[in-house]
Every structure is written in structure tokens, then in C-alpha cells.
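Note that this note's numbering numbers the sequence shown so that position 95 is 80, with each residue one more than the last. Built from N, CA and C at the ideal position, the CB exists for glycine as well. Below: one structure, written as C-alpha cells.
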Amino acid sequence: MYRILRIFVLLNVFFCFQAKAQEPMSRQDSMAVKTAAGYKAIENFSNKTKFTKFLHQLLFKSVAPVSVPKPKNVKAKKTVFYLKAEGKIIRNINILTLDPFGYSIQDTSVHPKGFIKKAVNDLHFKTRRMIIRNLLLFNENQAYDSLLVNESERIIRAQNYVRDVFVSSIPTSAKADSVDVFIRVSDVWSIVPTLSLSGSSSELGLIDNNFIGLGNRFQANIKSDKAIGNSVTRLGYLIPNIRNTFISADIRYYFSGNNDLINNPYFERPVYPPISSNLENSISGDHYLVKSFELSRLFYSPLAKWAGGVFFGQLVTDQSYIQHDTIGYLSSKTNIQDYWAARSWQLFKGNTADARTTSFILSGRLLRVRYPQKPSEAEPLNIFNNATFYFGGIGVSSRRYTQDKYILNYGKVEDVPIGRAFGITGGMNMQRTNLWYLGLKAAWGNFYRFGYLSSHLEYGTFIGSNGFQQEVITGRINYFTQLYSLGNWKIRQFVKPTFTIGFNRLPTDNLTFSDDLKGFGKLKYSATYMSVLTLQTQSYAPWDLFGFRFGPYFFSSFGILGNGSPKIAHSRLYSVLGLGVLIKNDYLMFNTFQISLSFYPIIPGQGSNILNLNAYKTSDYGFRDFEISKPVVVGYR
-14 MYRILRIFVL
-4 LNVFFCFQAK
6 AQEPMSRQDS
16 MAVKTAAGYK
26 AIENFSNKTK
36 FTKFLHQLLF
46 KSVAPVSVPK
56 PKNVKAKKTV
66 FYLKAEGKII
76 RNINILTLDP
86 FGYSIQDTSV
96 HPKGFIKKAV
106 NDLHFKTRRM
116 IIRNLLLFNE
126 NQAYDSLLVN
136 ESERIIRAQN
146 YVRDVFVSSI
156 PTSAKADSVD
166 VFIRVSDVWS
176 IVPTLSLSGS
186 SSELGLIDNN
196 FIGLGNRFQA
206 NIKSDKAIGN
216 SVTRLGYLIP
226 NIRNTFISAD
236 IRYYFSGNND
246 LINNPYFERP
256 VYPPISSNLE
266 NSISGDHYLV
276 KSFELSRLFY
286 SPLAKWAGGV
296 FFGQLVTDQS
306 YIQHDTIGYL
316 SSKTNIQDYW
326 AARSWQLFKG
336 NTADARTTSF
346 ILSGRLLRVR
356 YPQKPSEAEP
366 LNIFNNATFY
376 FGGIGVSSRR
386 YTQDKYILNY
396 GKVEDVPIGR
406 AFGITGGMNM
416 QRTNLWYLGL
426 KAAWGNFYRF
436 GYLSSHLEYG
446 TFIGSNGFQQ
456 EVITGRINYF
466 TQLYSLGNWK
476 IRQFVKPTFT
486 IGFNRLPTDN
496 LTFSDDLKGF
506 GKLKYSATYM
516 SVLTLQTQSY
526 APWDLFGFRF
536 GPYFFSSFGI
546 LGNGSPKIAH
556 SRLYSVLGLG
566 VLIKNDYLMF
576 NTFQISLSFY
586 PIIPGQGSNI
596 LNLNAYKTSD
606 YGFRDFEISK
616 PVVVGYR
């Protein structure tokens, strides 16, 4: 087993340090011409009969003419144009939304061909132009502001119902002082059915991330489980932006007929955990949503001036206790009221992008937790006590975004956050014995010559009559290199260390790997600190096979859970090793796939030498922004 561990670590280190830096990867033009010619021959052959033509329309996209473009600096050209348009009056804003299949985001001459693509597009509700307009930070008759235009483009691209967006501006005449703005938005297919079957349960659901073209998310799910004894229906509806206010409305409701979900020990964690109320950090135990309603407005852009929200929810909460040297659990209905608000001010004078995106932020929060039907056993155990939390925060945040490709998605434009954030949170827990709270946060991230590097560090503690209690320190580093060259291959290396350390924690507190090391779940092992190191070598092949482009990758993750002393010698080491491949074909209707195979040397309680398919995804890395808004308690899970 240790020999395998050494081999995977050496592979990651080798690819990280032996590669030579080159320019960002571009598709080989001669290979593209040959591949397009081959697909064009297939398309011509398929036209001979109706059946082969039907199969071709079902599986392939029409071949667009391929030309070998001259090298050009797209970013430099775009920057020069922004300088030319800066300050001119915006006369018209023209918005065009495109169906998912058969269109090009930039080439207006490309249209869907064939019955299949047209039929599928007919089943799709295109995003309504007003929905896109409500995401814009600029209007007609305003001066063209490149920062507002860039931010609007990023906000549109961030919507989960949008595949891509292209914004351009054209002067109304050669010497005019006004411009017309054109926005082309390509939709994604937004309806996703879900089905899960096993010997004791079945689950059927549907998610629509762009309900009838409104940009709203509708989710319905029905699960039947013999252990629960009745089917559980889960419904949710989210409006992400109410008429250009960037206020979202979210309603969720779970019901199960006459079945008592509160006292049923088999009621499992639902799809919608109440993340917004931060309950998992404020109360020990797990939380199961029954019904809730929430209005919230985040700092959706560094230019936003205010944020806030209200949350009303009823949940099922499990809390642990110790009695006679044994850990037990009780459940209770829990009513939540959560209110918060934040205000942002530009910190430095000036009209530069750095000055406009650096802000001083004040915030406040009130969280009320009530247990209207707590069990009689809870009183002597001193759990399920009503509580009211008051929080206040101050901080400084500087947020910008840089566009790049080939990071988490294969070739899609991605907005990478860069900036800094420093914050202080203070609070008080008015329970039976009042506790003060103190939290500190520091974060930074930027692109350097050696790659992208960001770091997030947080500290939190309650302060009572016995001094500091329930202390926690958490940290995370995200690093990836520039695109490197190893022969004709292009490679990017990812490194992500994370850690959590607890001091003076409650006896029932128990750290787990959570999402940092997937596959291990909640290990029955008392731990007060956790650390995980994940390495991934992502490659991009220089060739394609019948139009398929491949991105093989190696990954390895090593995790430590310990208690008492943060030293490896006194800890348990867990690991997962594996490989995978990203597969992309521009000629197929659904053009991006991912396959991974994970090897677990040992999983306590399950066995050793375990293989899992698709247990790991490259998107597990993710980005963390540098936003400071809602005051929260530092997580300890």
C-alpha cells in the first residue's frame, strides 16, 4: 500500500516541477482541419438515407467551416476597444438569447440544422430578454463604463442556466459619441430528471434551473423508503433576482402525510440544508429541513452597496449528549428566525478599478432559535435551550475577477476571484449563561508568475466565565500553476491543503473530513483536528481521436484525523488515489464528460482496497470569493 502511495505522490510532484512554461494552450489548427474534414465526410455519407441522416442528427453537430486563424491577442484587443468606448453614451442595449443546440455565441451565421436539434430546441424555454436585462448594472443613456460592463458579463455568466455570454459594442457612426451594446446569451438545457433505485428505497425527482425561461429554479422530489414507512415529498422554488434588485426569494417545503418526521430516526438529511442560517455552526448536531422561506441579497458585485436577508424556517434538529460515559442523541422541532444586514462604502477615493472595488463593510445579525416541542429528557441534559444570538462585524474587502480557461471547465471562460479580505466578528449568545463570541478572518489571492495562489484563514471562539471556549482555527490554500508544456502535452498542477483545529471543544464535538476527503463519511473516531492535502495533475492531450479531445488527470488526497496533539505521529492517516479523464467533443450534442476511478487503501468499517467509480470530480477544487457580508460563526465539522 505504501509503495502505491509513494508512486502517486511522485507522479504528482514530477508533473508539477518538470514541466516547462509555455503560452496558453491552443488547438492545433492542422489537426482541426483534418478532423473537420473527416466529420464532413461522415455528414455527407449520412445524407444518403433518412435513417443514417436521423442518426447523424441525433449524435452529431453540423460541421462548421474551419479556418486557420492568425495569432491574435484577444485580451489586448478587447482592452483597446474598451478604451475607445469608455465614457460614450449608451444609446441602445440589444439582447438576444439562444437555444442550447446549434448556435454559436459569436458567429451569427451559425444556426441549428436538422430535425433533432430543432425539435429539442422547441422543447426548451429560452431565457427571456427581461431576465438578462435585470442582471445588467448599466442602462441606456448612461456613460459606457467598462467596469460595469465587465461585471454585468460576469454576473450573467455565473447563472446556472447560462452556457456562455458575449458582450460587444458598436459606435453608432464613425464620429459619434454614442455606442450600441449587443449581448448574446447561450442557454443550457436546464431540465434534469433524477432517478435512484435500491432494494429498500426509490427516489424520483426533477430539477429545472430555468423554469419556463424565467431563470427560476423549481425542484420536486419524491422518495419512498421502507425504513421511514411513508414517502417524503420535497418541493423547492427559487427566484434568484426579483426585478433587478438582486434580491432572491427561496421557499422549501417537505411533507410526508401523517408520518412524524421529527421523531422518525430514519428521516435522512434532505437536499436543502439551511446553509443560509448558518445553523450548522451555531448549534451542535445535524439539522433536517421541514419548511422555510428566505429573502436575501448578497454583495453580488464588489460595486454593490448593501446586502441583507431574512430567514424563517422549521427544522428537525439532532443534538448529542453524554450520559454515563455514553454518547446519545435526541431530536426536536426547531423554529428559526434569522435577520441580517450589511452596508458597504468605497474605502479609497478615485475612479480606478482598484479604488472602486475596495470597500469598508459594516454588518449586523440577529438569530433566534426556539424549541417549541423539545422532549422531556432534554431538560436534565441541558440541551435544546432557547437561544438568541447577536452578531456584528467590520471588515475590508477588495474583489476583482480575471478571466481564464482550462481550470475547472474544459475550455469554458471562467472568472477567477482575486483580492483581499480582512474581517472581525463579535457577538453574544444569550442563553442560560451568556457567552461572548470573537471571530477573525483573513484571505488573499492573486495570479503570480508561478500561478494562482489564494489563502483563507479563520479563527473563532466563545468567551465565558471560564475563559476561551470552543475555539477553532481553519485554513485553506488553493494553488494552480500556469499552463505548462511537457513535450506536446499541456499540463496544469493543482494543490489544495485544508485544516481545522479545535481547542477546548465540547466532549460531543467531533471533526470529520466532510467534503474535503470524500468517501469516508462520518468516522466514529473522536478528533479535534483535521487536515487534508489534495494534489491533482490535469493534462490536455495534443491530439484528438475522431474529434474527441482528452484531458487525463491523476489525483491523490491524504487526510489526518487526530486528537490531543496535532502531530502526524499521533494521528490516523487516510488516503484516496486515482485517475480520471475529461472528454470533450465539439461535434456532439452533449460534449463534455468526466470519468474517474478512485482507490481507497482502507475505509474504517467498510474494508480495504476499495474501488469507486466517479467518486472524485475536478470541480471539487472550486473557488472561494473575498466577500465579507453576513456575520457567521467559524465552522467546526
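{"Query": "Can you give me the Cβ contacts of Arg113 inside the same chain, cut-off strictly under 6 Å, excluding the 5 residues immediately before and after it?", "Result": "Gly198"}
{"Query": "Report yes if the CB atom of Ile445 is closer than 8 Å to the CB atom of Gly460, and no otherwise.", "Result": "Reading the sequence as shown, one finds Gly at residue 445 and not Ile. Against a cut-off of 8 Å, the Cβ pair of Gly460 and Gly445 comes out as no contact."}
{"Query": "How about Ala406 and Gly377: do their beta carbons lie closer than 8 Å?", "Result": "no"}
{"Query": "Determine, using beta carbons only, whether Val295 and Thr319 come nearer to each other than 8 Å.", "Result": "no"}
{"Query": "Can you check the segment 415 to 449 for any alpha helix (DSSP H) of at least 4 residues that lies completely inside it and give the ranges in chain order?", "Result": "none"}
{"Query": "In chain order, what residues of the same chain lie with their CB nearer than 8 Å to the CB of Ala526, ignoring the 5 residues before and after it?", "Result": "Trp474, Arg534, Phe535, Gly536, Pro537"}
{"Query": "Can you give the Cα-Cα distance for Pro586 and Leu598, rounded to whole angstroms?", "Result": "15 Å"}
{"Query": "Keeping to the same chain, check which residues put their C-beta closer than 6 Å to that of Asn194; ignore five residues upstream and five downstream.", "Result": "Asn145, Tyr146, Ser175, Arg202"}
{"Query": "Can Val152 and Val166 be called in contact, C-beta distance under 8 Å?", "Result": "yes"}
{"Query": "Around the C-beta of Asp84, are 16 or more other C-beta atoms found within 10 angstroms, so that it is buried, or is it exposed?", "Result": "buried"}
{"Query": "Taking the beta carbon of Asp92 as the centre, do at least 16 other beta carbons fall within 10 Å, making it buried, or is it exposed?", "Result": "exposed"}
{"Query": "Do Ala340 and Phe333 have their C-beta atoms closer together than 8 Å?", "Result": "yes"}
{"Query": "What residue range is occupied by the uninterrupted beta strand (DSSP E) comprising Val177?", "Result": "176 to 182"}
{"Query": "Taking 8 Å as the threshold (beta carbon to beta carbon), is Phe447 in contact with chain B?", "Result": "Among the chains in the structure shown there is no chain B, since it carries only a single protein chain."}
{"Query": "Thinking just about the alpha-carbon of each residue, which of Phe611, Phe231, Arg237 is nearest to the one in His441?", "Result": "Phe611"}
{"Query": "To the nearest angstrom, how far is it from the Cα of Leu189 to the Cα of Ile75?", "Result": "48 Å"}
{"Query": "Kindly indicate which three-state DSSP category Asn135 falls into: helix, strand or coil?", "Result": "helix"}
{"Query": "Please go through the same chain and pick out, in chain order, the residues whose beta-carbon is closer than 7 Å to the beta-carbon of Gly293, but skip the five residues on each side of it.", "Result": "Arg282, Trp325, Ala326, Ala327"}
{"Query": "Identify the residues that DSSP records as bridge partners of Ser277: which are they?", "Result": "Arg237, Gly298"}
{"Query": "From Val566, Val561, Leu567, pick the residue whose C-alpha is nearest to that of Pro589; which is it?", "Result": "Val561"}
{"Query": "Counting only the same chain and skipping the five closest in sequence on each side, list residues whose C-beta sits under 8 Å from that of Ile179.", "Result": "According to the sequence provided, residue 179 is Thr. The question's Ile does not apply to it. Around Thr179: Glu188, Leu189, Gly190, Leu191, Ile192, Asn206."}
{"Query": "Spell out the partners DSSP gives Ala289 in its beta bridges.", "Result": "DSSP output for Ala289 lists no bridge partner at all."}
{"Query": "When DSSP builds the beta bridges, which residues end up paired with Leu596?", "Result": "Phe584"}
{"Query": "How far does the alpha helix (DSSP H) with Arg341 in it reach, from first residue to last?", "Result": "338 to 341"}
{"Query": "CA-CA distance, Val617 and Thr410?", "Result": "8 Å"}
{"Query": "Would you tell me roughly how many angstroms separate the C-alpha atoms of Ala17 and Leu300, rounded to the nearest one?", "Result": "Because the pLDDT of Ala17 is 49, which lies under 50, any placement of that residue in the model is unreliable, and the question is left without a value."}
{"Query": "Given a cut-off of 8 Å, decide if Arg477 and Leu468 are closer than it, judged by their beta-carbon atoms.", "Result": "yes"}
{"Query": "Excluding the 5 residues preceding and the 5 following Asn226 in the sequence, name in chain order all residues of the same chain whose CB lies nearer than 6 Å to its CB.", "Result": "Asn119"}
{"Query": "Provide the residue span of the alpha helix (DSSP H) that contains Arg114, from first to last.", "Result": "114 to 118"}
{"Query": "Only counting the same chain, and skipping five residues up and downstream in sequence, which positions put a Cβ closer than 6 Å to that of Asn371?", "Result": "Arg355"}
{"Query": "What three-state label does DSSP hand Ala104 in the structure shown?", "Result": "helix"}
{"Query": "Would you please state the rounded distance, in angstroms, between the beta carbons of Ser516 and Gly544? I believe it to be under 8 Å.", "Result": "7 Å"}
{"Query": "Taking Trp330 as the reference, which of Leu347, Gly565, Ser317 has the closest Cα?", "Result": "Leu347"}
{"Query": "Would you mind sorting Ser154 into buried or exposed? The rule is 16 or more other CB atoms within 10 Å of its CB.", "Result": "buried"}
{"Query": "Assuming the contact rule is C-beta atoms closer than 8 Å, Tyr433 and Phe465 should be a hit. Round their C-beta distance to whole Å, please.", "Result": "No, Tyr433 and Phe465 are not in contact; Cβ-Cβ is about 11 Å, not under 8 Å."}
{"Query": "Please state the DSSP three-state secondary structure of Arg490.", "Result": "coil"}
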